[in-house]
Amino acid sequence: MNLIKESVLRLNEYKVAQKGARIKLNQNESPYGVPEELRAQIIDRLNRQDWNRYPALEPEALINSIGRYCQFPAPGIMAGNGSNEIIQAIMLASCNTTDKVAVVTPGFSIYPRVGATIGANVIAVPLDRDFQFDAPALIAAALDARLMIFATPNNPTGTVIDATLIEEILSRFRGMLVVDEAYFEFSRISVQNLIKKYPNLVIIRTMSKAFSMAGLRLGYMLGQPDIVKAVNLARLPFSIDVFTQIAGEVLMENVESVAKHVDEIISERERVFLELDIIEGVNPIPSSANFILFEIENCRGMEVYEELLNAGILVRVFNDHRLKNYLRVTIGTPGENDSFLERFKMVMSGKRGRKCESRA
Ligand code: PMP
0 MNLIKESVLR LNEYKVAQKG ARIKLNQNES PYGVPEELRA QIIDRLNRQD WNRYPALEPE
60 ALINSIGRYC QFPAPGIMAG NGSNEIIQAI MLASCNTTDK VAVVTPGFSI YPRVGATIGA
120 NVIAVPLDRD FQFDAPALIA AALDARLMIF ATPNNPTGTV IDATLIEEIL SRFRGMLVVD
180 EAYFEFSRIS VQNLIKKYPN LVIIRTMSKA FSMAGLRLGY MLGQPDIVKA VNLARLPFSI
240 DVFTQIAGEV LMENVESVAK HVDEIISERE RVFLELDIIE GVNPIPSSAN FILFEIENCR
300 GMEVYEELLN AGILVRVFND HRLKNYLRVT IGTPGENDSF LERFKMVMSG KRGRKCESRA
């Protein structure tokens, strides 16, 4: 007897380079740490907390501070151990084996991964040739899917879906629509106001990006209270430890430093875009997130990735055939962005001299 399900054995290992580079621009993290005074506040509160006791089952204070930040009623909020845990809980709660789960491609790889793990039938809806959301294809996929999930801004393209298209999907869709707003702070666009009208809409967000908390694992979901209650049934109790609960509260109560860093990242994103755009043979895609996907004409992304890595700069490269000529760079500090741009221009001018070795 096979001890492991076929659908799991077929998965590739989840791999991402995490260490070893001087400048790390590959995981869409914030380049800014949590400010010193907030770290001190978090540690101080943690020191006054019992570690031998389980964390609160319902992290009430955290949920209330998320509610204040989002201007959303507390009964419609669920927190989780990173938004990854929430994605898993939603799928566990809503999908039976063989149900159709619609995702977009290229998109965030965790959705098809979790879908495959539970044995669902994952349908990938391609973005159009400019990496924009394809309205007719999405509406067609929605006809018989049990669940549809995508991110806006989308990872790895940075492109956003129009709110009117979301509403068009919702007006016909009977399944659950999960809109992942992981990069909401950088796009400043949300469809949370549609939740009241459409009970089958849920929104997920993360503290891993704008809030500089990727190392602590905290995400949250917004939805109608009965959906939130039901998804909570599929989640393991105590998944958010006391440290993360406290850090989440402190950061949510002190959003000024987050807002300042977000402004800086957005203005750097525009600068990096323009600088990439003027390089011959390089085509960046306008992004509403904290990263930029760009094409390097006639050249494999892997080749440039390796040259950048040799110089201590880590960006993101893809296995996906459609993205073989692309790289994704996370927006870092101005200094990190300068180093990346300077080195990238050097690599590109070297390539123009001798042409790309492996023409893609
Ligand atoms: N959604 C999207 C679209 C993401 O890009 C990411 C992280 N790369 C996540 C969710 C995961 O976030 P978390 O760290 O909260 O699990």
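Okay, so the sequence shown: first residue is 0 according to numbering that gives the first Met the number 0, each after it adds one.
Yeah, the Cβ is synthetic: ideal placement off N, Cα and C, and Gly gets one too.
Note that this is a predicted model, so its numbers are computed, not measured.
Which whole runs of the alpha helix (DSSP H) in the region 45-96 are 4 residues long or more, in chain order? Those alpha helix (DSSP H) runs which fall completely within the region 45-96 and span 4+ residues are 59-69 and 81-93.
Excluding five sequence neighbours on each side, which residues of the same chain lie with their C-beta closer than 6 Å to the C-beta of Ser64? The residues are Glu248, Met251 and Glu252.
Note down, in chain order, each residue of its chain lying with its Cβ closer than 6 Å to the Cβ of Ala20, except the 5 sequence neighbours on either side. So the list reads Gly311 and Leu313, once near-sequence residues are dropped.
Taking its Cβ as the centre, do 16 or more other Cβ atoms sit within 10 Å of Pro52, making it buried, or is it exposed? The amino acid occupying residue 52 in the given sequence is Arg; Pro does not appear at that position. Result: exposed.
Using a threshold of 7 Å, is the CB atom of Gly32 nearer than that to any non-hydrogen atom of ligand 1? The answer is no for Gly32.
Compute the Euclidean distance between the alpha carbons of Arg358 and Glu167, then round it to the nearest angstrom. Bear in mind that the predicted position of Arg358 carries a pLDDT of just 49, short of 50, making it too unreliable to give a figure here.
Measuring only from the beta carbon, is Gly334 closer than 7 Å to any heavy atom that is part of ligand 1? Incorrect: Gly334 has no Cβ contact closer than 7 Å to ligand 1.
What's the call for Gln48, buried or exposed, on a 16-neighbour Cβ count within 10 Å? Exposed, because fewer than 16 other Cβ atoms sit within 10 Å of the Cβ of Gln48.
Distance CB(Gly157)-CB(Ile291) smaller than 8 Å: In this structure, Ile291 lies closer than 8 Å to Gly157 by Cβ.
If you measure from the CB of Asn199, is any heavy atom of ligand 1 nearer than 7 Å? Distance from the C-beta of Asn199 to the nearest heavy atom of ligand 1 is not below 7 Å.
Would you mind giving the Cβ-Cβ distance between Pro72 and Ser287, rounded to the nearest angstrom? I have them listed as a contact below 8 Å. About 27 Å separates the beta carbons of Pro72 and Ser287, which is beyond the 8 Å limit, so they are not a contact pair.
Can we count Ser170 as close to ligand 1, meaning its CB is less than 7 Å from some heavy atom? Answer for Ser170: no, Cβ out of range of ligand 1.
Look at the alpha carbon of Ile62 and the alpha carbon of Phe293, and state the distance between them as a whole number of angstroms. Those two C-alpha atoms are separated by around 38 Å.
Status (buried if at least 16 other CB within 10 Å, exposed otherwise) for Met345: Flag for Met345 reads exposed.
Let me check one thing: in DSSP terms, what residues is Leu142 bridge-paired to? Leu142 is not bridged to any residue.
For Gly118 and Arg234, which I take to be in contact (beta-carbon distance under 8 Å), what is that distance rounded to the nearest angstrom? Actually they are not in contact, since the Cβ atoms of Gly118 and Arg234 sit about 19 Å apart, beyond 8 Å.
Consult DSSP for Lys344 and reduce its assignment to one of helix, strand or coil. Three-state DSSP puts Lys344 in a helix.
Just to confirm, is the Cβ distance from Ile203 to Asp240 under 8 Å? Cβ atoms of Ile203 and Asp240: not closer than 8 Å.
In chain order, what residues have a CB nearer than 6 Å to some heavy atom of ligand 1? Screening all residues for a C-beta within a distance smaller than 6 Å of any heavy atom in ligand 1 leaves Asn27, Gly81, Ser82, Asn83, Phe107, Ala150, Asn154, Asp179, Ala181, Thr205, Ser207, Ala213 and Gly218, in chain order.
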